[in-house]
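Below is one structure, written out as structure tokens; the observations come after it.
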Amino acid sequence: MLIDFFLHLKAKKLPVSTREFLTLLEALKEHVASNSIDDFYFLARTCLVKDETHYDKFDQAFGEYFKGVTQIPGLEADIPEEWLKMMMKKHLTPEEKAKLEKLGWDKLMDEFKKRLAEQKERHAGGSKWIGTGGSSPFGHGGYHPEGIRIGGESAGNRTAIKVWENREYRNLDDTVELGTRNIKIALRRLRRFAREGAEDELDMDGTIAGTARNAGWLDIKMRPERHNKVKVLLFLDIGGSMDDHIKVCEELFSAAKSEFKHLEYFYFHNCIYDYVWKDNRRRHGERFPLWDVMHKYGEDYKVVVVGDATMSPYEVLQPGGSVEYSNEEAGAVWLQRMLDTWPRAVWLNPEPERLWDYRHSIELIRTIFNSRMFPLTLAGLERAMRELNK
13 MLIDFFLHLK
23 AKKLPVSTRE
33 FLTLLEALKE
43 HVASNSIDDF
53 YFLARTCLVK
63 DETHYDKFDQ
73 AFGEYFKGVT
83 QIPGLEADIP
93 EEWLKMMMKK
103 HLTPEEKAKL
113 EKLGWDKLMD
123 EFKKRLAEQK
133 ERHAGGSKWI
143 GTGGSSPFGH
153 GGYHPEGIRI
163 GGESAGNRTA
173 IKVWENREYR
183 NLDDTVELGT
193 RNIKIALRRL
203 RRFAREGAED
213 ELDMDGTIAG
223 TARNAGWLDI
233 KMRPERHNKV
243 KVLLFLDIGG
253 SMDDHIKVCE
263 ELFSAAKSEF
273 KHLEYFYFHN
283 CIYDYVWKDN
293 RRRHGERFPL
303 WDVMHKYGED
313 YKVVVVGDAT
323 MSPYEVLQPG
333 GSVEYSNEEA
343 GAVWLQRMLD
353 TWPRAVWLNP
363 EPERLWDYRH
373 SIELIRTIFN
383 SRMFPLTLAG
393 LERAMRELNK
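Spelled out as structure tokens, the structure:
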């Protein structure tokens with residue numbers, strides 16, 4: 013029943029073998045995984061993927077093949093209770109949503125602490141307790157205009173101001189083939205060439221001049237190759253609402269790695285705080301304090317921040333405003349420190365520029381960056397590179 017799945021992986025250029033596929037079938041026969049699509053995903057990845065560098069391609073191929081599937085046919089088991097509970101999710105009308113109170117930061121946190129202390133059992137639906145579905149500001153799978161999402165995936169509303177869950181992000185693929193060379197062409201505006209290294213490039217003009225001076229006897233001249241001396245520090249927003257922009261970010265990342273010899277990059281989520289990371293799979297264990305990054309890379313680096321800047325204003329202005337942990341200082345404080353360290357910095361935003369005025373967090377970050385926010389389009393890239401060249 014899974015032969016088509018196996019062929020689909022092969023078509024996506026994943027190095028899966030028949031032996032590994034037979035191992036997967038044997039594991040299913042021995043009921044190593046239930047009929048949960050999540051259990052099957054981890055089992056299939058364990059059996060079929062030998063190198064973790066192929067995890068991203070496997071995730072994409074798996075998602076395409078099993079899109080909308082909630083159980084694996086042919087494996088008999090009861091439908092999990094969680095799925096039934098998620099069916100209770102309420103679809104509120106705009107009028108019902110408008111009636112829900114926006115509690116505000118302090119009141120929201122106080123109410124959350126009270127309900128953690130009072131609640132003794134799981135709850136689904138309703139408007140008060142921590143649970144699934146419904147219109148409570150705490151839980152997941154429902155709707156509230158300003159709440160705390162606890163566990164589970166986003167319902168797509170993107171109104172949570174804090175998220176309590178262990179979320180995993182994937183690294184951007186720097187080998188992606190660009191559909192256009194326009195990004196590279198735009199980035200080439202940010203170049204400053206110098207000759208360095210061994211003399212292994214033919215100096216045609218020097219050879220001609222030397223040969224002429226040598227009465228026609230060939231006098232070959234060599235010179236060092238020209239290299240782009242500009243130094244770039246790239247900060248990439250990952251996860252959450254940035255999932256909508258993975259393709260264009262991968263294209264930019266790939267182009268930047270090919271154009272700039274001196275390129276360093278780090279990831280962050282939503283807003284930059286006191287630490288960043290280089291590998292999303294190890295972001296909880298391998299973090300780089302922003303203080304260390306600012307001391308290591310001098311002001312001769314040009315900084316490019318890529319992110320949609322779309323978040324709760326609390327994440328920019330409020331200590332503890334991060335959706336993932338309790339940060340001691342507000343994001344705005346760290347962003348200003350970055351600009352003090354690297355005066356030549358721009359922010360590239362993949363969100364359409366026509367929407368910027370409707371999102372408070374975008375306006376806050378534009379103000380901090382002294383209006384040096386540009387759309388992640390060809391024209392926006394060219395404007396940003398001109399700004400960095402000033």
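If you read the sequence shown in our numbering, its first letter stands for residue 13, the second for the next number, and so on. A virtual CB, placed ideally from N, CA and C, is assigned to each residue, including glycine.
Give me the DSSP bridge partner(s) of residue i.
| i | result |
| --- | --- |
| His-20 | Paired residue(s): none; His-20 is not in a bridge. |
| Phe-278 | Phe-247 |
| Cys-283 | His-281 |
| Pro-301 | Tyr-287 |
| Pro-331 | Answer is none; Pro-331 lacks a bridge partner. |
| Trp-359 | Val-317 and Met-385 |
| Ser-270 | Beta-bridge pairing links Ser-270 to no other residue. |
Residue i to residue j, Cα distance in whole Å?
| i | j | result |
| --- | --- | --- |
| Glu-32 | Asp-215 | 54 Å |
| Glu-93 | Ala-344 | Any answer about Glu-93 is weak, because its pLDDT of 46 lies below 50 and its placement is not dependable; what the coordinates show is given next. Approximately 43 Å, taken between the alpha carbons. |
| Lys-269 | Glu-276 | 9 Å |
| Glu-42 | Leu-36 | 10 Å |
| Asp-68 | Gly-75 | 11 Å |
| Lys-290 | Glu-399 | 26 Å |
| Leu-390 | Leu-302 | 30 Å |
| Leu-393 | Phe-52 | 42 Å |
| Ile-377 | His-66 | 36 Å |
| Pro-27 | Glu-298 | 29 Å |
| His-372 | Asp-352 | 23 Å |
| Ala-56 | Val-260 | 29 Å |
| Lys-62 | Asn-361 | 36 Å |
| Gln-330 | Trp-346 | 12 Å |
| Met-385 | Ala-396 | 8 Å |
| Asp-16 | Glu-263 | 30 Å |
| Ser-29 | His-307 | 48 Å |
| Ala-227 | Asp-217 | 16 Å |
| Lys-22 | Val-318 | 33 Å |
| Tyr-326 | Lys-25 | 43 Å |
| Thr-379 | Phe-78 | 44 Å |
| Asp-304 | Trp-354 | 14 Å |
| Ser-383 | Ser-253 | 22 Å |
| Arg-311 | Val-244 | Note on residue identity: the sequence assigns Glu, not Arg, to residue 311. If you take the alpha carbons of Glu-311 and Val-244, they lie about 11 Å apart. |
| Ser-271 | Val-316 | The identity of residue 271 in the sequence shown is Glu, whereas the question assumes Ser. Going by the C-alpha atoms only, they are around 14 Å apart. |
| His-20 | Ala-73 | 7 Å |
| Glu-189 | His-257 | At Glu-189, the pLDDT of 38 sits below 50, so the modelled position is not reliable; the number obtained from the coordinates is stated separately. C-alpha separation (whole angstroms): 16 Å. |
| Val-44 | Phe-70 | 20 Å |
| Val-328 | Arg-293 | 25 Å |
| Lys-241 | Tyr-309 | 15 Å |
| Gly-333 | Glu-341 | 9 Å |
| Asp-50 | Phe-18 | 18 Å |
| Arg-366 | Pro-387 | 10 Å |
| Ala-39 | Phe-265 | 39 Å |
Can you tell me whether residue i is buried or exposed, with buried defined as 16 or more other CB within 10 angstroms of its CB?
| i | result |
| --- | --- |
| Leu-246 | buried |
| Tyr-279 | buried |
| Phe-381 | buried |
| Leu-314 | According to the sequence as given, residue 314 is Lys; it is not Leu. Lys-314 comes out buried. |
| Glu-88 | In this prediction, Glu-88 has a pLDDT of 43, which is less than 50 and means its spatial position is unreliable; what the coordinates show is noted afterwards. Its Cβ having fewer than 16 others within 10 Å, Glu-88 is exposed. |
| Trp-359 | buried |
| His-281 | buried |
| Tyr-337 | exposed |
| Met-234 | exposed |
| Ala-267 | buried |
| Asp-249 | buried |
| Tyr-285 | buried |
| Asn-401 | exposed |
| Gly-251 | buried |
| Thr-322 | buried |
| Phe-54 | exposed |
| Asp-320 | buried |
| Ile-232 | exposed |
| Leu-230 | exposed |
| Ala-463 | The chain is shown from 13 up to 402; residue 463 falls before or after that span and cannot be answered. |
| Arg-295 | buried |
| Glu-363 | buried |
| Ala-224 | exposed |
| Leu-34 | exposed |
Would you give the residue range spanned by the beta strand (DSSP E) that residue i belongs to?
| i | result |
| --- | --- |
| Val-317 | 313–318 |
Output the boundary residues of the alpha helix (DSSP H) element that contains residue i.
| i | result |
| --- | --- |
| Trp-346 | 343–353 |
| Arg-398 | 390–400 |
| Ala-39 | 30–41 |
| Glu-340 | Taken as a continuous stretch (DSSP letters only), Glu-340 belongs to no alpha helix (DSSP H), as it is neither H nor E. |
| Lys-69 | 67–77 |
| Ser-373 | 372–380 |
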